[in-house]
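**Student:** This note's numbering numbers the first residue of the sequence shown as 8 and each following residue consecutively.
Supplied in structure tokens, the structure appears directly below.
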Amino acid sequence: MKIYNSKTRKKEDFQPIEEGKVRMYVCGPTVYDNIHIGNARTFISFDVIRRWLIASGYEVTFAQNLTDVDDKIINRANEQGRTAEEVASEFSDKFIAVMHKANVMDPDVRPRATKEIGPMIGMIKSLIEQGHAYAADNGDVYFAVRSDPSYGEVSGRKIDDLMVGARIEENEDKNDPLDFALWKAAKPGEPMWNSPWGKGRPGWHTECAAMVHRYLGTPIDIHGGGSDLAFPHHENECAQATCAWHEGFANTWMHTGMLLVDGEKMSKSLGNFFTLEEVLEKHSAAALRLLMLQTHYRSPLDFSWERLEGAENSLARIAGTVNNLVWAARHSEDEPDAELAAKLNAAVDDAKAEFEAQMDDDFNTAGAVAAYFQLVTEANTYLDQAGSAADKDAAIGAAASIAGAFKVLGIELPEPEEELPVGLLGVAAGLCAYTGDDVNEAAERILAARAEARAAKDWGTADAIRDQLRDMGLAIEDTAAGSRIKHL
Ligand SMILES: [Zn+2]
Numbered sequence: 008m009k010i011y012n013s014k015t016r017k018k019e020d021f022q023p024i025e026e027g028k029v030r031m032y033v034c035g036p037t038v039y040d041n042i043h044i045g046n047a048r049t050f051i052s053f054d055v056i057r058r059w060l061i062a063s064g065y066e067v068t069f070a071q072n073l074t075d076v077d078d079k080i081i082n083r084a085n086e087q088g089r090t091a092e093e094v095a096s097e098f099s100d101k102f103i104a105v106m107h108k109a110n111v112m113d114p115d116v117r118p119r120a121t122k123e124i125g126p127m128i129g130m131i132k133s134l135i136e137q138g139h140a141y142a143a144d145n146g147d148v149y150f151a152v153r154s155d156p157s158y159g160e161v162s163g164r165k166i167d168d169l170m171v172g173a174r175i176e177e178n179e180d181k182n183d184p185l186d187f188a189l190w191k192a193a194k195p196g197e198p199m200w201n202s203p204w205g206k207g208r209p210g211w212h213t214e215c216a217a218m219v220h221r222y223l224g225t226p227i228d229i230h231g232g233g234s235d236l237a238f239p240h241h242e243n244e245c246a247q248a249t250c251a252w253h254e255g256f257a258n259t260w261m262h263t264g265m266l267l268v269d270g271e272k273m274s275k276s277l278g279n280f281f282t283l284e285e286v287l288e289k290h291s292a293a294a295l296r297l298l299m300l301q302t303h304y305r306s307p308l309d310f311s312w313e314r315l316e317g318a319e320n321s322l323a324r325i326a327g328t329v330n331n332l333v334w335a336a337r338h339s340e341d342e343p344d345a346e347l348a349a350k351l352n353a354a355v356d357d358a359k360a361e362f363e364a365q366m367d368d369d370f371n372t373a374g375a376v377a378a379y380f381q382l383v384t385e386a387n388t389y390l391d392q393a394g395s396a397a398d399k400d401a402a403i404g405a406a407a408s409i410a411g412a413f414k415v416l417g418i419e420l421p422e423p424e425e426e427l428p429v430g431l432l433g434v435a436a437g438l439c440a441y442t443g444d445d446v447n448e449a450a451e452r453i454l455a456a457r458a459e460a461r462a463a464k465d466w467g468t469a470d471a472i473r474d475q476l477r478d479m480g481l482a483i484e485d486t487a488a489g490s491r492i493k494h495l
């Protein structure tokens with residue numbers, strides 16, 4: 008398996024630290040609002056990466072934090088006249104609920120910043136003792152960036168370039184404008200905790216380093232997040248962890264590309280800003296995931312409602328093929344055509360091999376999905392050609408392979424057609440004096456009566472059957488393998 012490591016800017020052979028096990032961490036949200044679909048792209052991408060590692064036989068331990076104390080939360084709380092705890096609790100719950108709705112697996116560990124103050128203080132103390140951090144007169148504690156010779160390696164920046172770009176800040180408590188806060192002295196009305204440096208709260212970058220160390224142990228195999236987090240957040244996480252524990256921090260850094268809406272950057276002012284919640288009110292999680300996975304996770308992703316509608320249609324088409332394969336397997340009555348079956352089996356093997364090769368190549372979901380789109384096309388050709396001579400094992404095998412591949416990506420195909428309504432019993436009773444209570448049997452009788460009427464050119468009866476079914480929300484579909492009654 009090859010993974011692109013954004014730290015080395017190279018695709019590398021993935022070699023976990025411990026044989027057969029992967030420890031990975033992905034920065035979670037700051038819980039002050041509903042997450043937008045740009046955030047969702049990151050979480051869905053890493054969910055698929057995790058699922059593929061599991062499907063490949065790795066024992067994966069996945070940790071993701073909730074940043075439940077932060078300036079944004081405090082500002083939102085002040086705007087709304089609520090406490091920061093209330094805001095954080097509301098949006099933590101909403102985040103977890105919408106992740107479930109998007110079919111994103113729960114992390115194995117979900118630490119919250121406010122519950123990890125002790126380990127964070129421990130790490131800051133250690134950094135001060137080792138000369139990598141200092142307490143300022145104002146009660147803040149800063150990390151001394153120049154004390155870390157490897158600073159800049161995660162995001163590929165040079166300290167001198169950073170210096171040129173560094174804002175000349177008002178803050179005179181810092182020894183160097185590049186230094187960043189590990190601990191912030193409390194201001195009135197803010198959440199605060201006791202520390203050796205007075206009351207205050209941790210800086211944002213501090214929590215992930217402490218949590219990774221506590222719950223996964225350093226170094227870890229994979230650290231991920233959106234590309235906007237590479238600097239300064241990931242750079243700062245890494246600096247703290249390597250200077251505190253000297254074990255390295257993360258072997259592979261993975262960053263997801265940004266999400267555009269109709270080719271433009273998403274922003275509230277442009278009116279093209281969508282939350283995950285509102286998208287999932289209108290469309291299925293499966294369609295959103297399919298749309299996202301048709302672009303490689305590192306490339307910019309263009310979201311549009313038309314593309315999402317298109318993904319919804321693709322899913323319906325794939326599910327239709329799966330259903331038709333299953334139906335053909337059950338209903339084909341002629342001697343199976345062995346040559347066509349062998350061709351379908353070969354197409355299934357090719358799709359599976361291609362899917363695996365693409366996923367093993369830095370999680371190329373776009374290529375993996377394309378391999379199965381191709382199989383769907385070939386399965387449709389097979390159904391047309393085999394007609395009522397479909398091979399049961401080949402058809403079921405293809406159906407299972409298609410559904411299984413999408414399931415690995417966390418895409419559940421739409422449910423197969425619903426049960427037929429019991430009202431068909433009455434129709435069958437009127438048409439052909441059927442007195443049983445088996446709805447499927449009644450459907451077969453109705454189809455037989457219609458076929459008989461058509462054979463006798465009794466169009467009146469055939470049309471009457473069609474109209475009666477339409478009134479019940481049903482339609483007759485004539486396929487190569489025979490006719491069937493289905494929901495409109
Ligand atoms: Zn983080």
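The C-beta atom is built at its ideal place from N, Cα and C for all residues, glycine as well.
1) Can you find a heavy atom of ligand 1 that lies under 7 Å from the Cβ of residue 303?
2) Might you give, ordered along the chain, the residues of its own chain that have their beta carbon closer than 6 Å to the beta carbon of residue 95, omitting 5 neighbours on each side?
3) Is the separation between the beta-carbon of residue 355 and that of residue 294 shorter than 8 Å?
4) Going by the DSSP bridge assignment, what does residue 28 pair with across the sheet?
5) Could you tell me if the beta carbon of residue 232 falls within a distance shorter than 7 Å of some heavy atom in ligand 1?
6) Quick check: does the Cβ of residue 242 come within less than 7 Å of any heavy atom belonging to ligand 1?
7) With DSSP as the reference, label residue 126 as helix, strand or coil.
8) Tell me, to the nearest whole angstrom, how far the beta carbon of residue 120 is from that of residue 223; I am working on the premise that it is less than 8 Å.
9) Look at residue 263 and residue 52 and say whether their C-beta atoms are less than 8 Å apart.
10) Just to confirm, does residue 496 get its C-beta within under 7 Å of one of the non-hydrogen atoms of ligand 1?
11) Can you name, in chain order, every residue of its own chain whose Cβ lies under 7 Å from the Cβ of residue 214, other than the five neighbours on each side?
12) Scan the stretch 407–463 and note each continuous alpha helix (DSSP H) run of 4 residues or more that stays entirely inside, going in chain order.
13) Exposed or buried, which one is residue 365 when buried takes at least 16 other CB atoms within 10 Å?
14) Compute the beta-carbon to beta-carbon distance between residue 191 and residue 147, rounded to the nearest angstrom, for a pair I have assumed lies under 8 Å.
15) List the residues that DSSP assigns as beta-bridge partners of residue 43.
16) Output the distance between the C-alpha atoms of residue 387 and residue 464, rounded to the nearest integer angstrom.
17) Out of 243, 150, 32 and 323, point me to the one whose CA is closest to residue 231's CA.
18) For a test of your reading of the model: does the CB of residue 215 fall under 7 Å from any non-hydrogen atom of ligand 1? Yes or no.
19) Specify whether the stretch 367–381 and the stretch 280–289 touch according to this definition: at least 3 beta carbon pairs, one from each stretch, less than 8 Å apart.
20) From what residue to what residue does the alpha helix (DSSP H) around residue 362 run?
21) Do residue 246 and residue 158 come within 8 Å of each other at the CB atom, strictly closer than that value?
22) Can you name the start and end residues of the alpha helix (DSSP H) that residue 266 belongs to?
23) Is it true that the stretch 333–340 meets the stretch 82–95, where meeting means three or more beta-carbon pairs spaced less than 8 Å apart?
24) Hey, quick one: how far does the beta strand (DSSP E) through residue 193 stretch, first residue to last?
25) How far does the beta strand (DSSP E) with residue 18 in it extend, from its first residue to its last?
26) In three-state terms, what does DSSP make of residue 200?
27) Do residue 67 and residue 417 have their CB atoms nearer than 8 Å?
28) If you draw a straight line from the alpha carbon of residue 139 to that of residue 316, how long is it in whole angstroms?
29) Identify which residue in 401, 431, 308 and 300 has its Cα closest to the Cα of residue 377.
30) Check this for me: beta carbons of residue 266 and residue 48, under 8 Å apart or not?
31) On the criterion of 16 or more Cβ atoms from any shown chain inside 10 Å, does residue 320 qualify as buried, or is it exposed?
32) Can you find the residues in the same chain that come closer than 8 Å, C-beta to C-beta, to residue 166, ignoring five residues on each side of it along the sequence?
33) Given a cut-off of 8 Å on the beta-carbon distance, is the pair residue 420 and residue 326 in contact?
34) Give a yes or no on whether the C-beta atoms belonging to residue 412 and residue 362 are separated by under 8 Å.
35) With distance defined between alpha-carbon atoms, name the residue in 187, 202, 188 and 206 nearest to residue 195.
**Tutor:** So, from the listed chains and residues:
1) Answer for residue 303: no, Cβ out of range of ligand 1.
2) Scanning its chain for C-beta atoms nearer than 6 Å, with the 5 sequence neighbours on each side dropped, one finds around residue 95 the residues 38, 75 and 80, in chain order.
3) Cβ distance not < 8 Å, so residue 355 and residue 294 don't count as in contact.
4) In the DSSP output, where bridge partners are listed per residue, residue 28 has 25 and 66.
5) Checking every heavy atom of ligand 1 against the Cβ of residue 232, one is found closer than 7 Å.
6) Residue 242: no, Cβ never under 7 Å from ligand 1.
7) Three-state result, residue 126: helix.
8) The beta-carbon separation of residue 120 and residue 223, rounded to 16 Å, does not stay under the 8 Å limit for a contact.
9) Closer than 8 Å, so yes.
10) Examination of residue 496 is not possible in this model, given that the chain is present from 8 through 495 alone.
11) By the criterion of a C-beta distance shorter than 7 Å, residue 214 is surrounded in its chain by 72, 74, 120, 123 and 127, once the five residues flanking it on both sides are discounted.
12) Listed in chain order, the complete alpha helix (DSSP H) runs (minimum 4 residues) inside the stretch 407–463 are 430–439 and 446–462.
13) When all chains shown are included, residue 365 counts as buried.
14) About 6 Å separates the two Cβ atoms, so the contact holds.
15) Residue 43 is bridged to 282.
16) So the two alpha carbons sit approximately 31 Å from each other.
17) Check the Cα spacing between residue 231 and each of 243, 150, 32 and 323: the tightest is with 32.
18) At least one heavy atom of ligand 1 sits closer than 7 Å to the Cβ of residue 215.
19) Touching, no.
20) Counting along the chain, the alpha helix (DSSP H) containing residue 362 begins and ends at 345–367.
21) If you check the CB distance, residue 158 and residue 246 come in under 8 Å.
22) Where residue 266 is concerned, there is no enclosing alpha helix (DSSP H), although the beta strand (DSSP E) it sits in stretches over 266–268.
23) Judged by Cβ distances under 8 Å, the stretch 333–340 makes no contact with the stretch 82–95, as fewer than three pairs qualify.
24) Element bounds for residue 193: n/a, residue is neither H nor E.
25) 17–20 is the extent of the beta strand (DSSP E) around residue 18.
26) Strand, per DSSP.
27) The Cβ-Cβ distance between residue 67 and residue 417 does not fall below 8 Å.
28) If I take the Cα positions, the gap works out to 52 Å.
29) Checked all of 401, 431, 308 and 300; the closest Cα to residue 377 is 300.
30) Closer than 8 Å, so yes.
31) Residue 320 comes out exposed.
32) 152, 153, 158, 159 and 185, listed in sequence order.
33) It is a contact, given that the beta carbons lie within the stated cut-off.
34) Closer than 8 Å, so yes.
35) The shortest C-alpha separation from residue 195 is found at 206.
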